[in-house]
Each structure stands twice: as structure tokens, then as C-alpha cells.
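Encoded as C-alpha cells, the structure appears first; notes follow it.
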Amino acid sequence: MTASSFWPVQQAVYARLVADADLLALLPQGNAAVLDHVPDDTPFPYIVIGDMQARPLETQGTSGHDITLEVLSYSQSTGMKEAKALMAAIYASLHRAAFTVTGHTVILCDLEAEECRLLPDVRTRLGLQRFSIITEPHDE
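FYI, in numbering that gives the first Met the number 0 the residues of the sequence shown are 0 to 139.
Next comes the structure, spelled out in C-alpha cells:
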């Protein structure tokens with residue numbers, strides 16, 4: 000997978016998130032709150048599909064990739080409860096999930112790391128989750 004193939008992975012993750020009724024129930028704006036670009040007037044809470052990196056996973060028979068994808072949750076609710084609820088719903092939607100990426104077979108989608116913190120504005124809570132998505136190309 001090259002950087003030009005990142006878009007199909009992002010599309011697949013987006014489709015998975017916006018199809019999750021439990022996650023959307025936490026977002027008053029529904030699937031409009033799952034973004035990769037955040038306009039200035041976007042109401043909280045929302046989720047951003049963030050940075051991606053890929054490492055080749057070469058074996059004797061295949062040439063797969065280990066993709067690291069960040070999913071960020073933003074909340075301005077009092078306390079960390081809302082941010083952590085969003086993170087739990089994202090985890091439930093993506094961790095070990097089976098989903099389709101155009102041109103690739105997803106072998107595994109695993110949570111790699113997560114953190115939840117208060118940003119310097121002392122109002123916004125950020126949940127950051129990194130998922131490892133292992134793929135192998137296939138013929139279509």
C-alpha cells in the first residue's frame with residue numbers, strides 16, 4: 000500500500016464509523032460529526048480521522064502493510080465522561096472488526112494505543128486512538 004492507497008482505507012474506516020448506531024447516538028450531528036477536515040464552526044463533540052502511516056509487511060507469499068491510523072475524539076463537555084464514551088464506542092466499532100478496503104483484504108484491525116487529555120485551552124478534551132490495520136492486496 001502506498002500513500003495513494005490511503006484513501007480506500009480512510010473510506011472504509013469512515014464507512015464503518017458512520018454505520019455504527021451506538022457511536023452515532025453519542026454525536027448530536029450524526030455522521031456529519033465524523034470528519035477529516037474540521038470547519039471553524041463545527042459543534043462539539045466530533046470525531047476526526049487523522050494521520051496515517053504505512054509499513055510494508057513482506058512475507059514469502061504476500062506483500063502486505065501495517066497501517067497506523069489515528070482517530071481523534073473532541074469534546075467540550077464537563078469532565079472526561081463524554082470523550083471517554085466516544086473512545087469506547089470507536090474501540091467497539093473498529094477493534095478486531097471485519098471490514099472491506101477496496102483492493103485489499105483486512106487481516107486485522109487492532110487498537111495499538113490510546114490516551115485522553117485536556118487540551119491547553121482547558122476546555123477541550125481530546126481522545127486519541129491509534130489503530131494498526133494489517134492488509135494484504137488482492138485482485139479485484
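Built from N, CA and C at the ideal position, the CB exists for glycine as well. Predicted model only: the values in this text are computed from it and were never measured.
In the DSSP secondary-structure assignment, Ile46 is bridged to Val33 and Ser72. In this structure, DSSP gives Asp19 a state outside helix and strand, which the three-state scheme calls coil.
Straight-line spacing of the CA atoms in Glu113 and His137 works out to 31 Å. Contact annotation: the region 29-44 does not touch the region 95-113, with fewer than three C-beta pairs closer than 8 Å.
The DSSP assignment places 80-93 as complete runs of the alpha helix (DSSP H) inside the region 56-110, in order along the chain (cut-off: 4 residues). Phe130 is bridged by DSSP to Leu68 and Leu110. For Pro7 and Pro55, the gap between their C-alpha atoms comes out near 17 Å. When DSSP reads this structure, Leu117 sits in a beta bridge with Arg124.
In the structure shown, the three-state DSSP call for Ala24 is coil.
For Asp50, the CB contacts under 6 Å within the same chain, skipping 5 residues up- and downstream, are Glu69 in chain order. Here Thr104 is not near Glu57, since their CB atoms are 7 Å or more apart. Exposed is the label assigned to Ala24, since fewer than 16 other Cβ atoms lie within 10 Å of its Cβ.
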